[in-house]
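Everything below concerns the one structure shown next.
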Amino acid sequence: MKKREIPFSENLGHGHLACAGCGAAVSMRLTLKALGEKTVMVLPASCWSIVPGSWPYSSFRIPVIHAGFVTGGATASGIRAALDVRGDRESVVAVWAGDGGTFDIGLQALSGAAERNEDFIYICNDNEGYMNTGTQRSSATPMFAWTTTTPVMQPKENPKKDIMAIMADHHIPYAATATIAYPEDLLRKIEKAKRIRGTRFIHLLSPCPPGWRIPSELTIKISRLAVRSRIFPLYEIENGISYTLQEESHIVPVKEYLKLQGRFSHLAESEIEVTQKNAEKAWKRLLKRAEV
Amino acid sequence: MGKQLTFKGASDMPMISISLGDMDWNKTGAWRAQRPFYEDRTPPCSVACPAGNDIVTFIQKITQGDVEGAWNVIKEENPFPGICGRVCFHPCESKCNRGNYDEPIAIHALERFVSDFAFNLNKKIEKIPGVRKGKVAIIGSGPAGMSCAYHLAKLHYEVTVFESSSASGGLLRSGIPSYRLPKDILDREISNIEALGVEIRTGIPLGENLAWDGLKDYQAIFIATGAHQNRRLDIPGEEGKSVFNGLDFLRKINLNQKVKLGEKIAIIGGGNTAIDVARSVIRLRKKAILLYRRSREEMPAFKDEIEEAMEEGVKIRYLVNPIRIQQKEGLKRLECLRMELGEKDESGRRSPVPISRSNFFIEADSVIIAAGEEIDVSFLPKGMEKREGIVLTQRDGSTGIKGVFAGGDLTSNQRTVAHAIGSGKKAALAIDCYLNGKDTEEAIHRILIGEGPSLSIFRHLHPEARPMNPHVVTFEELNMDYFEPSKRLRESKGPVKERVKGFGEVTSTFTEGFALEEAERCFSCGTCNECENCYVFCPDASILKTEDIFSHQVDYDFCKGCGICFSECPRGAISLREEER
Amino acid sequence: MKRVITGNQAVAYGVILSRVDVISAYPITPQTTIVEELSELIASGRLTTRFLKVESEHSAMAALIGASTGGVRCFTATSSHGLAYMHEMLHWASGARLPIVLVNVNRAIGAPWNIWSDQSDSLSQRDTGWIQLYCENNQEVLDTILQAYRIAESVKLPVMVVLDAYVLSHTSEPVEIPTMEEVDAFLPPYCPEYPIDTREPMAFSVITTPEYFLEFRYKIQKAMEQVPEVAKKVDDEFRSRFGRGYGSIERYGRRDAEILLMTSGTVASTSRIVIQKFIEKGVSVAGIKIKRFRPFPSKEIYEEIKGARKLAVIDRNLSAGVGGIFAQELRASLYSREERPQVFGFISGLGGRDITPELIEEAVQYTVEHPQPEEEILWLGLKK
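Residue numbers (the numbering used here), protein chains in the order written: chain Y, 18 to 309; chain U, 94 to 674; chain P, 164 to 547.
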């Protein structure tokens, strides 16, 4: 049996405050294994302002700079400039932002930095809502989902923002989707990103048990179903034009993915159908882009 | 690291809120409502194996490239993998969880591969060293007797096997033709047992050359004389010319003796013996027609055997029952009745009901009756009577006579090689307990595989290494996300035209590449094979491993009990229980 | 070397001489020529400073917070709406104790749009924990930037250097520009207290519970309390090296005057002429120029106004609902004192309305003639 190729050292210690079964904790742990020790990470406001612990403690084993909600792209630009001035071209500057700090309030700073092709790896830890503040909707929340600001009587009416398309149109050298059920894939993409200069973007889907209303043990399974249902396909975009779509051999209907999550439990058949159609349309769109 | 920091106040605090310590002091294990733990649970294949093989472990060894290790694992329970791999009806494969996904693992083929590979390593088998704990006599060198001899030798007993015929092996030699079990395979596996120090004395039947009190020097006796009598049909003409007995016919074939047959042979029966007879007839370049009184589904012979027989040209007629054998102008004439299927009988199969006035005739040059085997108790001591076709014993194989145990076909209606091997193993355990004043029932209970009845003698010798777990892993407890569908590999078979030219082996052993590929398909139900899913997916880095070693330990100081490891274990080797508070 | 340069050009010189490593800025009138000058110099290769041309002022300050945490000397410039946009980050910079220097060109904040001189923008940020230094001429602008880095890096608080829109930013004046060697001798390289180091990793700005937050804020106040002494030392050294010094406030005019006029920025410059005129007419008056607004120089002011009966303050700003901010801070600083002169709070010049010598005269005259102010707020030049 082939042994897994997961780097051994842990750059996130235990004792942290993430919920049991937190998808982001798995994401962060694996990401930090791939990024390695020579990483400086910017953490705009998100669950990760709290999870590592409060002063005087931190579970991180790399330098991290907690920053304002809006500021992921900007703070990282500054740190990169400082490290360059100090002659350090080896350390990687990374941003770990939530979907709020990427799709919504942080979009401007990210866009500005991407347009300048600032040299950092930006990881959007997407749990599809403002989970740290108690599960309010973001523009990354999928259509029809329940959140505290899109209650069941009036669930989210608009589809999820296509952040990858937005990043691609900035013509950054590298963008990729990834999720924890495919750990080797995530690691490969981060390692690939490390070897490139310029703005690199990873869209990382991390299921959130309390926010998605799922039992804590299903975090990985749901992450896998997101890919298999084509709701969150895995792919890479290079220089904004070159698409590499990853083959998925076990396609399942979106119903398999939706039915396990409490935040979708109120969905009518028609809404499930709409979700299925939208997923298929989005996939066709990707296929078309991959052809060009 | 791991300690809590305190500050008097502003005077000893740093200028800004930079971190000064880690969170190791925060034992998030206190959050847990449920606790994961590693426990080996029992795979269904081992439960189904009457010989008690540790199938998952030996297959794991193959995947690790350690075929010799696989051989050592098998040898703990079963001295005859080369034989079983060829002739066992592999109930393990019927219960294999992979069968619910795509196709079951070809376990028999892997067992055979390991045996053949190990033979080619030319490892010398050493006599068991040390002082012998006692002397045991075994009557019968068939699979039950030899299995008992093997395990008793490993338990440091001096064993003598008395065999009535001129060669050892019982039905393995006399009943199973070479195209299924080559004689050299049989010879080498028996000599492996002799090499341990077991003495086989052939040509000594009990009752004739060996009187019962000739055995009084032995502390215990195991009787496994098998079932070698051909069952009678009790129809007119059964004793006539050119009407033969199936077991005799096979014995002659297996001893390379000449058999006089006509051209067209009618064979009566539906079990493996009947099929073996039919296929042997084909190899003698005769025509074989098999008459069976029920339909194909009820035939007790192995499905593969039936298929191969038909490929080789055996004609099978179902729902036909001969009621009389007549002689007519040099030919045998069988008067037959057509049958239909009625209610299920005690074997669970629908019983044949004659259709009145459906008589018709089949002609043949010779007739071979192979409708079952029966035991002979004439040479057995008083207290071992035949009741409903078998000699009754206790669960542990003990008879009414002190120190005398029995097993194999003699004492059971489940007449397979694997059952015989299991029976011999159990008797060895029972004898060991008997001679040391231990409670056999208790000993047996501790070594059951799942809830039994198969036993693991490895467990008897190493109880901590593999604790008993009655929980048998079901398909629902596995996680199919980690497997891809793949076809079961098949051993290659010669073309039919070549096969029927003689008694050479029909199938070939897997190559190393095939064996590895097939072994990789094994789910490893209930047994951790260090895939490290749990380690990778733990949000709290609470599955411990060093750089090289996977420890199978959970860090309970930090484990929050989310259950991801339990859910993502592909093989159900992690269990959850409620956390006690 | 003496050159005739605008206030914005003086800023650019200050930045170059301070060997700033990272600039991050967003253009806004009337700051634009600062960043244009610096871009030109960087593009031509005469300056190796990195310039992050961010997409907003909020990002400009965020980028500098990153760069300063990364351990290098940083700079930005902005005005009005831009400063307001970075408000959140101004708090963050001082909370994180980062010695960033920001030049703010005083301009009114809308609505409605107005691009001319007004102190409301910088003064609206008075609670953000930044040191604030005001300038009355272009020489002072350049000199204050050099001093600002010394002060900031000593007390570990950010410093805002303020100059008037157009009156200084776009007006040329003769300025003595020191040499790089002279400045190097005065301003050593920046040495951060907690450098980012992957070999000794730390988390910065870790969330702090009520158990400790008070103490961190206490430390900031204590640092502010050190500023008067530190600033004085720096100013004295500057004076000895360059022959110019400014103090935190400056009193001019009659030593025995009982009527004082308090102003800041370019209004202080005009006031000197007006006060001189009154003295020539025989009126006993004096003027106080406020250079440092934050921390408010209560002690220094009190020393200078002992014996005064009346204090007129001209505020070129408005905190609606309360009045002029300098006046407000002054009143607060006098409250606990034994001697408390009458404070006449004048407001003028908002949105760039010219504060002419005539208007200032009006204020002084009013103060001389009235025993106390007749209104809370005295509007100068208001068209009723």
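All C-beta atoms in this analysis are idealised placements derived from N, C-alpha and C, irrespective of residue type, glycine included.
Taking CB distances under 9 angstroms as the criterion, tell me whether residue i reaches chain Y.
i, result
"U:TYR131", "no"
"P:ILE383", "no"
"P:GLU501", "no"
"P:HIS221", "yes"
"P:ASP290", "no"
"P:THR241", "no"
Name the one or two DSSP bridge partners that residue i has.
i, result
"P:GLY450", "P:TYR415 and P:LEU424"
"U:LYS479", "U:VAL484"
"U:MET432", "U:PRO447"
"P:TYR189", "Partner(s): none; P:TYR189 has no beta bridge."
"U:ILE409", "U:LEU383"
Buried or exposed for residue i, please, with buried defined as at least 16 other CB atoms from any protein chain shown within 10 angstroms of its CB.
i, result
"Y:PHE25", "exposed"
"U:ASP525", "buried"
"P:CYS354", "exposed"
"P:PRO275", "exposed"
"P:GLN194", "buried"
"U:ASP438", "exposed"
"U:HIS538", "exposed"
"Y:LEU304", "exposed"
Compare the C-beta of residue i with all C-beta atoms of chain U and state if any pair is closer than 9 angstroms.
i, result
"P:GLU356", "yes"
"P:GLU378", "yes"
"Y:PHE77", "yes"
"P:MET365", "yes"
"Y:TYR74", "yes"
"Y:GLU234", "yes"
"P:ALA225", "no"
"Y:LYS177", "no"
"P:TYR353", "no"
Looking at the C-beta of residue i, does it have a partner C-beta in chain P at a distance below 9 angstroms?
i, result
"Y:GLU208", "no"
"U:ALA103", "yes"
"Y:ARG46", "no"
"Y:THR119", "no"
"U:PHE659", "no"
"Y:ALA91", "yes"
"U:PHE42", "For residue 42 of chain U there is no data in the structure shown, the boundaries of chain U being 94 and 674."
Cβ closer than 8 angstroms: which chain Y residues qualify as neighbours of residue i?
i, result
"U:PHE651", "HIS31 and GLY32"
"U:GLU640", "PHE25"
"P:SER368", "ILE82, HIS83 and ALA84"
"P:ARG213", "ALA98, ASP101 and VAL102"
"U:ALA634", "GLU27, LEU29, GLY30, HIS31 and ARG46"
"P:LYS216", "ARG133"
"P:VAL235", "ALA98, ALA99, VAL102 and ARG103"
Shorter than 9 angstroms from the beta carbon of residue i to some beta carbon of chain C?
i, result
"Y:ARG205", "In the displayed structure, chain C is absent; the protein chains listed are Y, U and P."
In chain Y, which residues lie with their C-beta within 7 angstroms of the C-beta of residue i?
i, result
"P:TRP255", "GLY85"
List, in order along the chain, the chain P residues whose C-beta lies closer than 8 angstroms to that of residue i?
i, result
"Y:TRP65", "Here the premise fails: no neighbours, minimum Cβ distance about 10 angstroms."
Using a Cβ cut-off of 9 angstroms, pull out every chain P residue sitting near residue i, in sequence order please.
i, result
"Y:ALA310", "The requested residue 310 of chain Y does not occur in the structure, where chain Y is confined to residues 18 to 309."
Can you list the residues of chain U that residue i reaches, using a CB-CB cut of under 9 angstroms?
i, result
"P:THR371", "SER110"
Can you list the residues of chain U that residue i reaches, using a CB-CB cut of under 8 angstroms?
i, result
"P:ARG260", "MET108 and ILE109"
Subject >> Every unbroken beta strand (DSSP E) inside the stretch 283–329 of chain P [3 residues or more] >> reply: If we require 3 residues or more, the beta strand (DSSP E) runs fully inside the stretch 283–329 of chain P come out as 294–297 and 322–327.
Subject >> Unbroken stretches of the alpha helix (DSSP H), 4 residues or longer, contained in the stretch 492–536 of chain P >> reply: 520–532
Original post:
Enumerated in chain order, which unbroken segments of the beta strand (DSSP E) with a length of 3 residues or greater are wholly contained in the stretch 203–286 of chain Y?
Top reply: If only uninterrupted beta strand (DSSP E) runs of at least 3 residues are considered, those enclosed by the stretch 203–286 of chain Y are 216–222, 252–255 and 259–262.
Original post:
What alpha helix (DSSP H) runs, 4 residues minimum, are completely inside the stretch 228–288 of chain P?
Top reply: 243–248, 250–258 and 283–286
Subject >> Length at least 3, wholly inside the stretch 128–211 of chain Y: the beta strand (DSSP E) runs in chain order >> reply: 137–143 and 191–196
Subject >> Minimum length 3: unbroken beta strand (DSSP E) runs contained in the stretch 278–349 of chain U >> reply: 292–294, 313–316 and 336–338
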